[in-house]
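Here is the structure we will look at.
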Amino acid sequence: MMTDKFTWLHRGISEIFPNQPDSKDPNENLLQRLTQSDYSLRVKLGIDPTGADIHLGHSIPVRKLRAFQDAGHTAVLIIGDFTARIGDPTGKSEVRKQLTPEQVRENAKTYLEQVRPILDFDTPGRLEIRYNSEWLSKLDLANILELLATMTVGQMLAKEGFALRYQQESPIYIHEFLYPLMQGYDSVAVDADVELGGTDQKFNIAVGRDLQRHFGKKPQFGLLMPILLGTDGVQKMSKSLGNYVGLSEDPLTMYSKLEKIPDAQLEEYFELLTNLPLDSLAENPRERQKFLALDIVSQYHGQETAQEAQQTAFKMVVEGDMTQTEAVPEFSLATVEFPAKLFYIISASGLCKSSSEARKKIAGGAVRLNEDRVCDQNMTFDSPSDLDGKVLRVGKKNFMRLVSN
């Protein structure tokens, strides 16, 4: 049985592999590896800067990386500046658009700042930040052929995304087969003992184990964490779906989104996104929502700022005090083509999932503009200046300040 010292390891973990708990072999039993005297694990997490923002779903393996740091192990954070130029094909039904080196560098600029509140950057020897162009850009054709020779086409097509695309006769390009091999070679390059990732990364992590064996190194363990459902409680958190909470979002926006997490998702959010003891949470779902929002906003913006966001949200939602407009999240009307109907603006701002839902909200009297109820489903505005600075509100808890630029 795992001792108290290591109980943190299993919080929020979906799978550890290989996992033979009765084995005395430290290559088959992670606890055996952990309990070796004076042994510091090298724990790898790779993130590809394919976009500029990180959301709470991305933060889950980063939080686990911090847990290993706190236990005295070395976190190896790999910025995939080379692999990002290919893009991970996992979960994609079509080929990713290849990024230029300039796009990758621009995207990478904000990544470290966004994870800084999570990781320990200050304790010597507890964090290595590596860029995989350091070794991948030096591979010549002979090296690449050696990597390709470690896997068969059949093994590659067993990867879920590839299998589906092949079945649907969607194009699969040869360079996409290189992604799992390059990501796996990262583990060889940094001598990883453990690799962290979501449950959708098992194939890539297993490739890393195989390559380590091929190059005569000790194979790593894989620690897989759940894929976080978004704020809608239906689909995985994604910026493209609008159901995300970004790490760089302002405190009020973060708080306002988190205090509306569906009741059924609260326990998962507490387990994966906080260090709070799960057996001491309030029973009232509304109190849990507020407690969750306050804790997570505190992690990224500090306790005092989080409390201010909570107070502002209370004044706006409960008291209807719209004098707090300077703290309201903004939506730029520059993305809207005018003249525009209000229901379209509501949908474009993310306050409703679709124009049809926005029309229903208007018909039901749930939409206000600067606290004036809107009843006309076809209300139209000729220019952004007609709405500049006004607060658009749908229901009690969803609001945006409209700005013309």
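Following the working numbering, the numbering of the sequence shown begins with 44 at its first residue and continues without gaps.
Ideal Cβ positions, reconstructed from N, Cα and C, are used throughout, including at glycine.
Grab me the residues of residue 119's own chain with a C-beta within less than 7 Å of its C-beta, minus the 5 sequence neighbours each way, in chain order. In the same chain as residue 119, and ignoring 5 residues on each side of it, the C-beta atoms closer than 7 Å to its own belong to 85, 86, 87, 171, 173, 233 and 235, in chain order.
Rounded C-beta distance between residue 273 and residue 287? I'm assuming under 8 Å. Their Cβ separation, rounded to whole angstroms, is 6 Å, which keeps residue 273 and residue 287 in contact under 8 Å.
When burial is assigned at 16 or more other CB atoms within 10 Å of the CB, is residue 93 buried or exposed? Using a 10 angstroms sphere on the CB of residue 93, the tally of other CB atoms reaches 16 or more, which defines it as buried.
Are the beta-carbon atoms of residue 224 and residue 244 separated by less than 9 Å? Between residue 224 and residue 244, the C-beta gap is not smaller than 9 Å, which leaves the two residues out of contact.
Measuring alpha carbon to alpha carbon, tell me which residue in 199, 143, 115 and 213 is nearest residue 169. Comparing C-alpha distances from residue 169 to each of 199, 143, 115 and 213 shows the shortest one belongs to 115.
Tell me the rounded alpha-carbon separation between residue 136 and residue 126. Confidence at residue 136 is low in this model, with a pLDDT of 46, below 50, so the placement of that residue should be treated as unreliable; the coordinate-derived value is given next. C-alpha separation (whole angstroms): 19 Å.
Look at residue 390 and residue 400 and say whether their C-beta atoms are less than 9 Å apart. Yes, they are a contact pair.
Note down, in chain order, each residue of its chain lying with its Cβ closer than 7 Å to the Cβ of residue 431, except the 5 sequence neighbours on either side. Cβ within range, chain order: 445, 446 and 447.
Flag this pair as touching only if the segment 339-356 and the segment 287-306 have three or more C-beta atom pairs under 8 Å; answer yes or no. At 8 Å Cβ cutoff, the stretches touch.
Determine the direct distance from the alpha carbon of residue 264 to that of residue 53, and round the result to whole angstroms. The alpha-carbon separation between residue 53 and residue 264 amounts to approximately 14 Å.
Nearest-angstrom Cβ-Cβ length linking residue 335 and residue 312, presumed shorter than 8 Å: The distance from the Cβ of residue 335 to that of residue 312 is about 6 Å, consistent with a contact at the 8 Å cut-off.
Applying the 10 Å Cβ sphere with the 16-neighbour rule, what's the burial state of residue 111? Residue burial is scored here from C-beta neighbours: residue 111 has at least 16 other C-beta atoms within 10 angstroms and is therefore classed as buried.
Report yes if the C-beta distance between residue 108 and residue 239 is below 9 Å; otherwise report no. In this structure, residue 239 lies closer than 9 Å to residue 108 by Cβ.
Note down, in chain order, each residue of its chain lying with its Cβ closer than 7 Å to the Cβ of residue 397, except the 5 sequence neighbours on either side. Beyond the five residues adjoining it in sequence on each side, residue 397 comes within less than 7 Å, by CB distance, of 390 in the same chain, given in chain order.
Applying the criterion that 16 or more other CB atoms from any shown protein chain within 10 Å of the CB defines a buried residue, is residue 230 buried or exposed? Classification of residue 230: buried, given that the 10 Å Cβ count is 16 or more.
First and last residue of the uninterrupted beta strand (DSSP E) at residue 450: Here the chain comprises residues numbered 44 to 448, so residue 450 is not present and cannot be evaluated.
Rounded to the nearest angstrom, what separates residue 383 and residue 376 at their Cα positions? If I take the Cα positions, the gap works out to 10 Å.
Give the straight-line distance between the Cα atoms of residue 293 and residue 249, rounded to the nearest whole angstrom. Taking the Cα positions, residue 293 is about 38 Å away from residue 249.
Locate the alpha helix (DSSP H) running through residue 300, then write down its first and last residues. Residue 300 -> alpha helix (DSSP H) spans 294-301.
What are the start and end residues of the beta strand (DSSP E) that includes residue 125? No beta strand (DSSP E) contains residue 125, which DSSP labels as neither H nor E.
Quick one: what's got a C-beta closer than 8 Å to residue 57's C-beta in the same chain, skipping five residues either side? Excluding residues within five positions, the ones whose Cβ falls inside 8 Å are 242, 267, 268 and 269.
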